Amino acid sequence: MASDRKSVPNDLSAFWMPFTANRQFKKAPRMFVSADGMYYTTADGRKVLDGTAGLWCCNAGHNRPRITEAVQKQVTELDYAPAFQMGHPKAFELANALRDMAPEPFEHVFFTNSGSESVETALKIAIAYHRARGEGSRTRLIGRERGYHGVNFGGISVGGIVNNRRHFGTLLTGVDHLPHTHLPEKNAFTRGQPEHGAELADELEDIVALHGADTIAAVIVEPMAGSTGVLLPPKGYLERLREITKRHGILLIFDEVITGFGRLGSSFAAEHFNVMPDMITCAKGLTNGVIPMGAVLTTDAIHDAFMQGPEHMIELFHGYTYSGNPVASAAGLATLETYREEGLFENAASLAPYWEDAVHSLKGLPHVIDIRNMGLIGAIELEPIEGAPTKRAFQAFLDAYEKDLLIRTTGDIIALSPPLMISKGEIDELFGKLSEVLKNLE
Ligand SMILES: Cc1ncc(COP(=O)(O)O)c(C=O)c1O
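Position 93 of the sequence shown, counting from 1, maps to 703 under my numbering, and the rest follow consecutively.
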């Protein structure tokens, strides 16, 4: 240990912050020190309205007693148990609760620790599934432009973000991409699902024609792309994708890391759109963000394909030290119970029209070039400053923080996703503050 190195409590240099402009932040830090309900409290004592449920994860709001107590109790009862070849009751209970909450075809749950790991897990299951059935040539993975599937190599390969290619090289081979579904020239200021663009799913036929269906394992998409700016599926698009994948024996994976757990007013987007993929990836709202945890939901058909061969053999050669961690499982159980008991998904569904009107009330404010919404999600797209993309939205983020409102920006798009416990009064507060920000933005 380097004993002569002295740290002072407010030294910010050691922590290399994720997805953060580190130098800017450390010159003028923005620190939250506590949170309750819909509000964070800053180090200087201000209450900041949480317009983003943390990072799309605190769907039940903050400091929820049932979740806090469950975590406290679990950590004293069983802090950790090995996840391989051993079990503990809470992981099984949570898998059952998740199955009961999910739409019908999803019967099995594989636990991970994050959305990124859920994506890697689903992609690996897809390839291994085909192999287990004797179709080992199906290894290709198809993603979509502007898709976000976390930060690991599989996820950034099927994802469609140019910065990942700029910074991290050639990524996985054997990957292709569908076009994104964002058509502002036709769909700007649409309320809910846009009318135009279902035919973009047909591009999958071209990809199949190019590579051969027998080389393709899976297509992965976010049913509604969140992190690259709230890109909504055009009416009929997901249905077409489902039809084409099924016809060619290709698995369809919905990445529901953002859309899971009530964001659209139902358990998962699959239920909301009534389109059933073969696998669902989730994380975030699974534990209300309190303890890291993710999961992959699969059908019987996928799971059962692995359950063959000698019984002493491991069927899926994959797993994490913390898969189904007891404390995370306890947090997950208490979170799902909180959603159910408080009717939070129903609250999101019933508030969605009010939310929609509130988001679209910003139309006409300076620099606003598009507004999109669905469930308790809203996006306000700003015209970029020439030669300085992202700068205008980042300024809006800083100004909102000064006005005691937490928003999130991606590119020049403001994305909103409040906790599902939000009230009409808090929606008014949120958009009152945001319109002040936008009115004064350069
Ligand atoms: C659709 C989607 N997939 C994966 C991830 C990655 O999740 P995590 O940050 O928990 O790894 C995210 C995170 O925002 C996401 O939105």
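Ideal Cβ placement from N, Cα and C applies to all residues, glycine included.
As the structure is a prediction and not an experimental result, all values here were calculated from the model.
Just tell me which of the options has its CA closest to the CA of residue i.
i	options	result
Val719	Gly647, Leu814, Ile890	Ile890
Val643	Asn673, Ala624, Phe629, Thr630	Asn673
Gly725	Met1031, Glu1036, Met903, Gly934	Met903
His977	Lys1013, Asn1050, Arg873, Tyr949	Asn1050
Tyr930	Ala693, Arg640, Leu659, Tyr847	Ala693
Val937	Trp666, Lys683, Ala1025, Met641	Lys683
Pro833	Gly899, Arg754, Gly859	Arg754
Thr800	Leu688, Ala712, Glu956, Ile990	Ile990
Gly859	Val829, Leu874, Thr838	Val829
Glu815	Lys856, Val772, Phe1004	Lys856
Val885	Ala905, Phe916, Glu853	Glu853
Glu951	Met1031, Trp965, Thr686, Met917	Met1031
For residue i, report the span of its alpha helix (DSSP H) as first-last.
i	result
Val768	763-768
Thr948	936-952
Val818	813-821
Val729	725-742
Ala645	Segment 642-646 is the beta strand (DSSP E) holding Ala645; no alpha helix (DSSP H) there.
His882	879-883
Glu795	794-797
Thr855	847-857
Glu1036	1034-1049
Gln918	Neither: Gln918 is in no alpha helix (DSSP H) and is coded neither H nor E.
Lys637	632-637
Phe702	699-711
List the whole-angstrom C-beta distance separating residue i from residue j, where the pair is believed to meet the contact cut-off of C-beta under 8 Å.
i	j	result
Leu788	His806	At roughly 16 Å, the Cβ-Cβ gap does not stay under 8 Å, so Leu788 and His806 are not in contact.
Val869	Ile677	The sequence shown places Thr at residue 869, rather than the Val named in the question. Not a contact, Cβ separation roughly 21 Å.
Gly934	Ala701	3 Å
Ala798	Asp980	5 Å
Leu781	Arg775	7 Å
Phe962	Gly985	Looking at the sequence shown, residue 962 is not Phe but Ala. The Cβ separation is near 6 Å, so the contact holds.
Leu841	His790	6 Å
Going by the DSSP bridge assignment, what does residue i pair with across the sheet?
i	result
Asp786	Ile752
His970	Paired residues: none, contrary to the question.
Val663	For clarity, residue 663 is Ala in the given sequence; the question names Val instead. Paired residues: none, contrary to the question.
Arg676	According to DSSP, which records beta bridges pairwise, Arg676 is partnered with nothing at all.
Glu991	Asp980, Ile1023
Lys657	Thr651
Val831	Phe864
Leu907	Val719, Ile890
Leu841	Ala835
Ile826	Arg750
Arg1018	Ala1025
Ala998	Ile995
How would you write the range of the beta strand (DSSP E) that residue i sits in, first residue to last?
i	result
Tyr650	649-652
Would you say residue i touches ligand 1, meaning its beta carbon is less than 7 Å from a heavy atom?
i	result
His759	yes
Ala736	no
Gly1021	no
Glu755	no
Trp965	no
Glu832	yes
Gly985	no
Gly746	no
Ile863	no
Trp666	yes
Gly671	no
Ala989	no
Val840	no
Ile854	no
Ser767	no
Ser876	no
Ala893	yes
Ser1033	no
Val978	no
Val867	yes
Gly899	no
Are the C-beta atoms of residue i and some chain D residue less than 8 Å apart?
i	result
Thr662	Annotation note: the requested chain D is absent from the structure, which comprises a single protein chain.
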